[in-house]
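So that you can map any letter, position 28 of the sequence shown is 14 in my numbering, and since no number is skipped, the others follow by simple counting.
All residues carry an ideal CB built from backbone N, CA and C; glycine is no exception.
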Amino acid sequence: MEKIALINPRPAEPILRPEWEEKDRDRIIEMAWEDRTPFEAIEFQFGLSEKEVIEFMRANSKPSSFRMWRKRMASRKTKHAVLRSTDVIRFKCSRQKISGNKISKR
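Shown next, in the form of structure tokens:
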């Protein structure tokens, strides 16, 4: 199977992996916008590093939406597990189950 390069300074097309379905791409975007979901959770579930998430968002968002997201994420300490309060020891809701790379809610 051919590998797809994820890092591209200005991708012309959205970054996609063959195994991702539309709901997976939507979930990555949703998790990226959530204030309390750290980049480590996205990496754990989808295998995207912070840099790859940024490139994914750049490729899959309108330019104005991407700028708004970057500005918002730059001011959030909760997007990085290292900067989070020590009181938070998980990155998922207690009512959420993680099975491999798929999330299902009870």
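| field | Under the three-state DSSP convention, the category Ser35 falls into | value | The residue given as residue 35 occupies position 49 in the sequence shown. Of the three classes helix, strand and coil, the one that applies to Ser35 here is coil, per DSSP.
| field | Backbone CA spacing between Trp19 and Gly33 [nearest angstrom] | value | Against the sequence shown, residue 19 aligns to sequence position 33. Against the sequence shown, residue 33 aligns to sequence position 47. Cα to Cα, Trp19 sits roughly 17 Å from Gly33.
| Where Asp21 and Arg62 are concerned, what is the direct C-alpha to C-alpha distance, given to the nearest angstrom? | Position 35 of the sequence shown, counted from the first residue, corresponds to residue 21. Position 76 of the sequence shown, counted from the first residue, corresponds to residue 62. Roughly 7 Å separates the two Cα atoms.
| field | Spatial distance of Asp110 from Trp6 (CA atoms) | value | A query on residue 110 cannot be resolved here, the shown segment of the chain reaching from -13 to 92 and no further.
| query | Of all the options Ser50, Arg56, Val39, Thr23, which has the alpha carbon lying nearest to the alpha carbon of Arg3? | reply | Mapped onto the sequence shown, residue 3 falls at position 17. The option with the nearest alpha carbon to Arg3 is Val39.
| Where Pro49 falls: helix, strand or coil (DSSP) | As a first step, residue 49 is located in the sequence shown; it is residue number 63 there, counting from the start. DSSP places Pro49 in helix when its eight states are reduced to three.
| With DSSP run on the structure shown, which of helix, strand or coil describes Asp12? | For the purposes of this step, residue 12 is taken as the residue at position 26 of the sequence shown. If DSSP states are grouped into helix, strand and coil, Asp12 belongs with the helices.
| So with Cβ pairs under 8 Å, would you call Met17 a contact of chain D? | The structure shown contains no chain D; it is built from a single protein chain.
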